[in-house]
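Numbering (this note's numbering), first residue to last: 1 to 348.
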């Protein structure tokens, strides 16, 4: 198939760079334009960017001249890694110009007709874009990076056993704070028990994600979630400890079985970025671990371990997901692949 040209908003940032890495040699998409701030606009990307990824910057990308925000773009699909301070306005501007924006920013996640999308979990929410009024464009959003790993682990439980209450404590990697991120003097020999806005996102986003879709509306889930979020000295990979209260009585082995057998529409369609196996369960007492498991299935799978009975809830377990791949750029690219394969592009 002929590759579809795409553009990246916020290309010089850490999420923008991850988009570049994952889109290089992608079978569906080719990068056409890079957009960044006024400070970088007009420069060649290689001269403007502080490239922080452990892979070489592709020469064809380094030579692209950066466009400024709200400059005319010809590609239909735009991947947004913009900072939330400007993302809302810029994404709406491009949507009103007829572009389809797939965003990592928080600004539009709770707009009425904007999907908060995890393709294996709530692909039917893509129907919401048919009700948007952006003059030929649309906005689709990724959930928060911690929400994605949590929701992936809960989906098989909700579908098979029912779920009423969740308590989650996160240990979130430094890359989630962007670059330059957290000061070394703050994080070395330390854990920071606060990440601005994270707990609210974890407690509210799953309610929309697990909400029931019908005729342009989502009836939010009544799932109750309590979250505590910590920043730890790990480069990539968010580890979360989870306690769950189920609506039905089940045994330990039943939960492991539904995790191992879980798959979704991306796997059925064999999308390029979709993990063959979305969830991996480990029986070792000390797994999962960020350094060992974050890159399973090219960073797109969720690793789970330590399922056991809980004295207060019903069960407790640990999950791990790659925050800049599955939780950011990779998740967004998977959304775009689904958009294309399900022929939503024909609606615009």
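For glycine and all other residues, C-beta sits at the position ideal for the given N, C-alpha and C.
Note that the structure is a prediction, hence the values are computed from the model and not measured.
Of all the CB atoms in chain B, is at least one closer than 8 angstroms to the CB of residue i?
| i | result |
| --- | --- |
| residue 151 | Chain labels in this structure do not include chain B; a single protein chain is all it has. |
Going by DSSP, name the residue or residues bridged to residue i.
| i | result |
| --- | --- |
| residue 238 | 321 |
| residue 5 | 30 |
| residue 223 | Paired residue(s): none; residue 223 is not in a bridge. |
| residue 96 | Beta-bridge pairing links residue 96 to no other residue. |
| residue 351 | The requested residue 351 does not occur in the structure, where the chain is confined to residues 1 to 348. |
| residue 230 | 171 |
| residue 155 | For residue 155, which the question treats as bridged, DSSP gives no partner whatsoever. |
| residue 243 | 167, 316 |
| residue 65 | 44 |
| residue 218 | 213 |
| residue 192 | 231 |
Counting along the chain, where does the beta strand (DSSP E) carrying residue i start and finish?
| i | result |
| --- | --- |
| residue 32 | 29 to 36 |
| residue 169 | 163 to 172 |
| residue 302 | 302 to 309 |
| residue 214 | 212 to 214 |
| residue 103 | 100 to 103 |
| residue 281 | 279 to 282 |
| residue 77 | 77 to 80 |
| residue 138 | 138 to 141 |
Find the nearest neighbour of residue i within the set the options, judged by alpha-carbon distance.
| i | options | result |
| --- | --- | --- |
| residue 241 | 288, 270, 210 | 288 |
| residue 214 | 200, 128, 283 | 128 |
| residue 278 | 156, 98, 239, 192 | 156 |
| residue 121 | 236, 207, 295 | 207 |
| residue 205 | 114, 237, 18, 307 | 114 |
| residue 199 | 186, 166, 235, 34 | 166 |
| residue 74 | 188, 34, 85 | 34 |
| residue 202 | 70, 216, 151 | 151 |
| residue 77 | 139, 87, 52, 64 | 139 |
| residue 60 | 131, 108, 32 | 32 |
| residue 123 | 147, 106, 209 | 209 |
| residue 105 | 181, 171, 15 | 15 |
| residue 282 | 308, 116, 27, 5 | 308 |
| residue 232 | 246, 186, 196 | 186 |
| residue 58 | 137, 118, 45 | 45 |
| residue 170 | 126, 239, 260 | 239 |
| residue 66 | 131, 112, 38, 230 | 38 |
| residue 49 | 20, 24, 146 | 20 |
| residue 195 | 304, 146, 160 | 146 |
| residue 286 | 306, 294, 346 | 306 |
| residue 149 | 237, 333, 258, 54 | 237 |
| residue 352 | 293, 79, 3 | Here the chain covers residues 1 to 348 and nothing more, so residue 352 does not appear. |
Count the other CB atoms within 10 Å of the CB of residue i; is the residue buried (16 or more) or exposed (fewer)?
| i | result |
| --- | --- |
| residue 83 | exposed |
| residue 42 | exposed |
| residue 11 | buried |
| residue 91 | buried |
| residue 1 | exposed |
| residue 154 | buried |
| residue 81 | buried |
| residue 144 | buried |
| residue 63 | exposed |
| residue 162 | exposed |
| residue 72 | exposed |
| residue 70 | exposed |
| residue 314 | buried |
| residue 22 | buried |
| residue 117 | buried |
| residue 18 | buried |
| residue 52 | exposed |
| residue 131 | exposed |
| residue 266 | buried |
| residue 323 | buried |
| residue 109 | buried |
| residue 28 | buried |
| residue 134 | buried |
| residue 188 | exposed |
| residue 248 | exposed |
For the alpha helix (DSSP H) that contains residue i, what are its first and last residues?
| i | result |
| --- | --- |
| residue 290 | 290 to 293 |
| residue 201 | 198 to 209 |
| residue 255 | 252 to 260 |
| residue 121 | 119 to 122 |
| residue 184 | 184 to 187 |
| residue 314 | Element bounds for residue 314: n/a, residue is neither H nor E. |
| residue 285 | It is not in any alpha helix (DSSP H) - residue 285 carries neither H nor E in the DSSP assignment. |
| residue 17 | 14 to 23 |
| residue 267 | 265 to 268 |
| residue 332 | 330 to 341 |
| residue 47 | 45 to 48 |
Residue i: beta carbon under 7 angstroms from a heavy atom of the ligand HEM?
| i | result |
| --- | --- |
| residue 25 | What this structure holds is no ligand at all, so the ligand HEM is not there to describe. |
Open item on the list: For the structure I just gave you, are there three or more beta carbon pairs, one from the region 213 to 229 and one from the region 288 to 307, closer than 8 angstroms?
Closed with: no
- [ ] Give a yes or no on contact between the region 331 to 340 and the region 259 to 277, applying the rule of three or more CB pairs nearer than 8 angstroms.
- [x] yes
Open item on the list: Assess contact between the region 172 to 186 and the region 323 to 334, defined as three or more Cβ pairs (one per stretch) separated by less than 8 angstroms. Is contact present?
Closed with: yes
Open item on the list: Three or more C-beta pairs under 8 angstroms: does that hold for the region 88 to 103 against the region 317 to 325?
Closed with: no
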